[in-house]
Amino acid sequence: MLERLSIGLASFVIAPGERIRREVMAMGVPGWKVGSLYPIVGHDYGSSPSLPPAPTSPTSIPEHQPFRHRFVLSIGQQTGRKRFDLLIEAVRHSVKDLDLVLVGNGPLHEEYRGLVEQLGLEDRVTFVTDASDQRVQD
Numbered sequence: 001m002l003e004r005l006s007i008g009l010a011s012f013v014i015a016p017g018e019r020i021r022r023e024v025m026a027m028g029v030p031g032w033k034v035g036s037l038y039p040i041v042g043h044d045y046g047s048s049p050s051l052p053p054a055p056t057s058p059t060s061i062p063e064h065q066p067f068r069h070r071f072v073l074s075i076g077q078q079t080g081r082k083r084f085d086l087l088i089e090a091v092r093h094s095v096k097d098l099d100l101v102l103v104g105n106g107p108l109h110e111e112y113r114g115l116v117e118q119l120g121l122e123d124r125v126t127f128v129t130d131a132s133d134q135r136v137q138d
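Start counting the sequence shown at 1; every next residue gets the next number (UniProt numbering).
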């Protein structure tokens, strides 16, 4: 349920491969709103990609939406496997109206918080450790 709610708020969904892309589309997300991005290491892509416009209709973003800008939402245990540290680093180099929301907890949670502070990204990275379905709906 958490995935369906969060995907519904997304302007665009980036799936780490075609299989996950199809799974997201099976949740009812239109194909034009889902892309595949395969992990590539050691390549300089230069400028930031063009982002789709942020949704503005009341049905797209609840009035109580706590985020100022478009955001990347990443959900997972903070164990190091998903490399949230790289995602945090990427925020520093991204367009200024794109924030990051990390949902989850784990042994590296405090390390990630420290990295956010070290990079001065407290106003652009939000941590959500209470990830119950009710919390997401609120």
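Where is the CB? At the ideal position from N, CA and C, for every residue including glycine.
All values derive from a computational prediction rather than experimental measurement.
Rounded to whole angstroms, what is the Cα-Cα separation between residue i and residue j?
i           : j    : result
S94         : D130 : 27 Å
G35         : S74  : 15 Å
Q77         : M25  : 24 Å
R124        : R19  : 30 Å
E117        : R81  : 21 Å
G31         : A10  : 13 Å
M27         : R21  : 10 Å
residue 147 : E23  : Absent from the structure is residue 147, since the part of the chain shown begins at 1 and ends at 138.
Below 7 Å, is the gap between the Cβ of residue i and the nearest heavy atom of the ligand HEM?
i   : result
F84 : The ligand HEM is absent from the structure shown, which contains no ligand whatsoever.
For residue i, which beta-bridge partners are listed by DSSP?
i    : result
S74  : L102
F127 : L102
State the DSSP-derived secondary structure class of residue i, mapped to helix, strand or coil.
i    : result
G114 : helix
A26  : helix
G80  : coil
G31  : helix
S60  : Residue placement at S60 is poorly supported in this model, since its pLDDT is 35, which falls under 50; the coordinates are not used for a value here.
Under DSSP, the beta strand (DSSP E) around residue i begins and ends at which residues?
i   : result
A90 : Taken as a continuous stretch (DSSP letters only), A90 belongs to no beta strand (DSSP E), being part of the alpha helix (DSSP H) at F84 to H93.
A15 : V13 to A15
Output yes or no for whether 8 Å exceeds the beta carbon distance between residue i and residue j.
i    : j    : result
V128 : V91  : no
T79  : P107 : yes
F84  : Y112 : yes
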